[in-house]
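First to last, the protein sequences are chains A and B. Using my numbering, read the first sequence as starting at 1 and increasing by one per residue. Using my numbering, read the second sequence as starting at 1 and increasing by one per residue. The beta carbon of each residue, even a glycine, is placed where N, CA and C say it ideally should be. Since the structure comes first, as structure tokens, the remarks are kept for the end.
2 protein chains.
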Amino acid sequence: MARTAAAKPDLSRETIVDRALAIADAEGLAAVTIRRIAVEFGVTPMALYWHVSNKDELLAAMGDSFFVGLQVPSRDGWLDELRAIMVVLVESLRRHPASAPLAAQRVMASEPGLELAERTLALLLAAGFNQTQTSDIARTAMQTAVMLITSQAGSELDVPAEQREAHMLAKRAALEALPASKFPSVRMCLQSLTDCDDEQAYYDFGIELFVGGVARLHDRRTA
Amino acid sequence: MARTAAAKPDLSRETIVDRALAIADAEGLAAVTIRRIAVEFGVTPMALYWHVSNKDELLAAMGDSFFVGLQVPSRDGWLDELRAIMVVLVESLRRHPASAPLAAQRVMASEPGLELAERTLALLLAAGFNQTQTSDIARTAMQTAVMLITSQAGSELDVPAEQREAHMLAKRAALEALPASKFPSVRMCLQSLTDCDDEQAYYDFGIELFVGGVARLHDRRTA
DNA sequence: ACCTGAACACCGTTCAAGT
DNA sequence: ACCTGAACACCGTTCAAGT
Numbered sequence: 001m002a003r004t005a006a007a008k009p010d011l012s013r014e015t016i017v018d019r020a021l022a023i024a025d026a027e028g029l030a031a032v033t034i035r036r037i038a039v040e041f042g043v044t045p046m047a048l049y050w051h052v053s054n055k056d057e058l059l060a061a062m063g064d065s066f067f068v069g070l071q072v073p074s075r076d077g078w079l080d081e082l083r084a085i086m087v088v089l090v091e092s093l094r095r096h097p098a099s100a101p102l103a104a105q106r107v108m109a110s111e112p113g114l115e116l117a118e119r120t121l122a123l124l125l126a127a128g129f130n131q132t133q134t135s136d137i138a139r140t141a142m143q144t145a146v147m148l149i150t151s152q153a154g155s156e157l158d159v160p161a162e163q164r165e166a167h168m169l170a171k172r173a174a175l176e177a178l179p180a181s182k183f184p185s186v187r188m189c190l191q192s193l194t195d196c197d198d199e200q201a202y203y204d205f206g207i208e209l210f211v212g213g214v215a216r217l218h219d220r221r222t223a
Numbered sequence: 001m002a003r004t005a006a007a008k009p010d011l012s013r014e015t016i017v018d019r020a021l022a023i024a025d026a027e028g029l030a031a032v033t034i035r036r037i038a039v040e041f042g043v044t045p046m047a048l049y050w051h052v053s054n055k056d057e058l059l060a061a062m063g064d065s066f067f068v069g070l071q072v073p074s075r076d077g078w079l080d081e082l083r084a085i086m087v088v089l090v091e092s093l094r095r096h097p098a099s100a101p102l103a104a105q106r107v108m109a110s111e112p113g114l115e116l117a118e119r120t121l122a123l124l125l126a127a128g129f130n131q132t133q134t135s136d137i138a139r140t141a142m143q144t145a146v147m148l149i150t151s152q153a154g155s156e157l158d159v160p161a162e163q164r165e166a167h168m169l170a171k172r173a174a175l176e177a178l179p180a181s182k183f184p185s186v187r188m189c190l191q192s193l194t195d196c197d198d199e200q201a202y203y204d205f206g207i208e209l210f211v212g213g214v215a216r217l218h219d220r221r222t223a
């Protein structure tokens, strides 16, 4: 009866993946270690190998997790549909920013990832893009979503959560020390370069940039 | 006089960085190891620490290398200028695809990187974007360039050069095994999804997609 | 079915010591 | 000025053994 909440759940493939994602959230992907996870479960490193065949498979499972249960609402136009896919994808990746890059390697290798890919490809083909363009745009869509997530918090993702504030301030201080004569624009954009006050706005902006690029490509193609 | 060409050059910060980039090219970033580099120079691991303070500094130096000596030709319109920057950046990153991600972490932290950033920011500010938009677009520009490089060869960058062909074929075989009833579009795009027959065209396409997105954003803003 | 113990071949890095 | 030796605290992983 003295079971404290969420402390040391049973070892299973699922709980291992969850723990790995949590560690990555807090301290970056590099902190995700078979041995570290084992310690957190109060178990021997080798115990994990019963549930997961090796570390690569664990990382793959972490990547797969971003695609399960994704519900893309349908829209009227193909462009709005594409945007909806990006929105859902970005929302999913935001849950575990540091692990987001793992998703890109798994879109075409997991069932739910493939379903999302199929939907995206079908949409672009129907819009009139040829196979090469469709493939390139779809690939770029996935990569763009990951990029938005990882560029946001920036490289601070590898830094432990508590140190991120200090890390950001140090970065800003370095830019502030730059001569305004040689780097006027950097100095001018200092605030927005080092701090993102509105995360959601940044993601919307990035999605719009991508979708807009696709739209323009489509216009040019039919013109 | 029996000095075979390019075999075991003297140990120095520069030759160490070059070797590290070469190893990454051949076997991926993960293969870049202090100990591995030491072996290739026929020297003790600790010997490297005289020239480079630690591994992070080595990775930083690898990232910095992409920006040195970049010459961006000037263009008439701001949009063409932005495109020219992207072209030069992509060309530089292509030299060492697996190490390209290191560049993104160094744009705002190295002298030549900052010069490129300054130029890009100035250009966007002059075009009428506000500070937030300018920062976001410039950041996206850098990330997009890296993304184009890394998404191209795909995750195969971590795979030793000789095994990449086999790796790609295995990937294609997996997609070919997919039921055409459930994944018609994936099957239809199979060729272009797994093989990039024209690298240059892919980069041009990606750059156009980005530049086009920026252009559309600018149009909307002034409309 | 699930986990442990011992061992192996790797990492980065420190610190004192050599030449 | 530049490099080595020995050592430490980490990795992932195998394989036989326990319960």
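Presumed contact (8 Å Cβ cut-off) between residue i and residue j, rounded CB distance
i               : j               : result
Q143 of chain B : M147 of chain A : 5 Å
V52 of chain B  : R13 of chain B  : 6 Å
L193 of chain B : L175 of chain B : 7 Å
L209 of chain B : L217 of chain A : 6 Å
S65 of chain A  : L21 of chain A  : 7 Å
S151 of chain A : R139 of chain B : 6 Å
F41 of chain A  : S110 of chain A : That pair is no contact at about 25 Å.
L102 of chain A : M62 of chain A  : 5 Å
I149 of chain B : V214 of chain B : Not a contact, Cβ separation roughly 19 Å.
Cross-chain neighbours of residue i in chain A, by beta carbon under 7 Å
i               : result
D136 of chain B : Y202, F205
V186 of chain B : L114, A117, E118, L121
M62 of chain B  : Residues of chain A passing the Cβ test: none, with the nearest at roughly 14 Å.
9 Å Cβ cut-off: residues of chain A touching residue i
i               : result
M147 of chain B : T140, Q143, T144, V146, M147
V214 of chain B : L209, G212, G213
S74 of chain B  : Neighbours of S74 of chain B on chain A: none; closest Cβ ~16 Å, over 9 Å.
S92 of chain B  : Simply none; closest approach about 18 Å.
Candidates the options: closest to residue i by CA position
i               : options                        : result
L125 of chain A : A:V39, A:E81, A:V72, A:F67     : A:E81
S99 of chain A  : A:A127, A:L121, A:E27, A:L11   : A:E27
D197 of chain B : A:Q131, A:L70, A:P112          : A:Q131
R94 of chain A  : A:E199, A:G213, A:V211         : A:E199
P160 of chain A : A:F183, A:R139, A:D25          : A:D25
V178 of chain B : A:R220, A:L114, A:T134         : Before going on, a small fix: residue 178 of chain B reads as Leu here, not Val. When only C-alpha atoms are compared, the closest one is A:L114.
A141 of chain B : B:R19, B:S74, B:L89, B:G77     : B:L89
F183 of chain B : A:A127, A:P112, A:A31          : A:P112
R220 of chain B : A:D219, A:R220, A:T15, A:G212  : A:G212
Q71 of chain B  : B:A20, B:E91, B:D204, B:V214   : B:E91
S74 of chain B  : B:L11, B:M46, B:T120           : B:T120
V186 of chain A : B:D18, B:S135, B:F205          : B:S135
R19 of chain A  : A:V68, A:I85, A:H96            : A:H96
L55 of chain A  : A:F205, A:V17, A:L11           : The sequence given here has Lys at residue 55 of chain A, not Leu. Closest by alpha carbon: A:V17.
Y203 of chain A : A:A145, A:S181, A:G128         : A:A145
G77 of chain B  : B:G128, B:A180, B:K171, B:L190 : B:G128
I85 of chain A  : A:S181, A:A201, A:E118         : A:E118
S181 of chain B : A:L190, A:A201, A:A122         : A:A122
Residue i: CB within 7 Å of a non-hydrogen atom of the ligand ADP
i              : result
W50 of chain A : The ligand ADP is absent from the structure shown, which contains no ligands of any kind.
Contact set between residue i and chain A, taken where Cβ atoms lie within less than 8 Å
i               : result
F67 of chain B  : Going along chain A, no residue has its Cβ under 8 Å from F67 of chain B, so there is no contact; the nearest lies around 14 Å.
L175 of chain B : M108
Q191 of chain B : Q131
L217 of chain B : E208, L209, G212
S181 of chain B : The contacting residues do not exist; S181 of chain B stays about 11 Å from chain A at best.
Proximal chain B residues relative to residue i, where beta-carbon distance stays under 8 Å
i               : result
S99 of chain A  : The contacting residues do not exist; S99 of chain A stays about 15 Å from chain B at best.
L125 of chain A : S185, M188, C189
D53 of chain A  : Sequence inspection shows Ser at residue 53 of chain A; the Asp mentioned does not correspond to that position. Ordered by position in chain B, no residue passes the 8 Å Cβ test against S53 of chain A, which lies about 17 Å from the chain.
Proximal chain B residues relative to residue i, where beta-carbon distance stays under 7 Å
i              : result
F41 of chain A : Within 7 Å Cβ-Cβ: nothing; F41 of chain A doesn't reach chain B, min ~26 Å.
S12 of chain A : None at all; the shortest Cβ gap to chain B is about 27 Å.
Of all the alpha helix (DSSP H) runs that stay within the bounds of the segment 114-171 of chain B, which reach a length of 4 or more residues? 131-152
Secondary structure, beta strand (DSSP E): runs of 3+ residues fully inside the segment 10-38 of chain B: none
What residue ranges within the segment 51-86 of chain A form continuous alpha helix (DSSP H) runs of no fewer than 4 residues, ordered along the chain? 55-64
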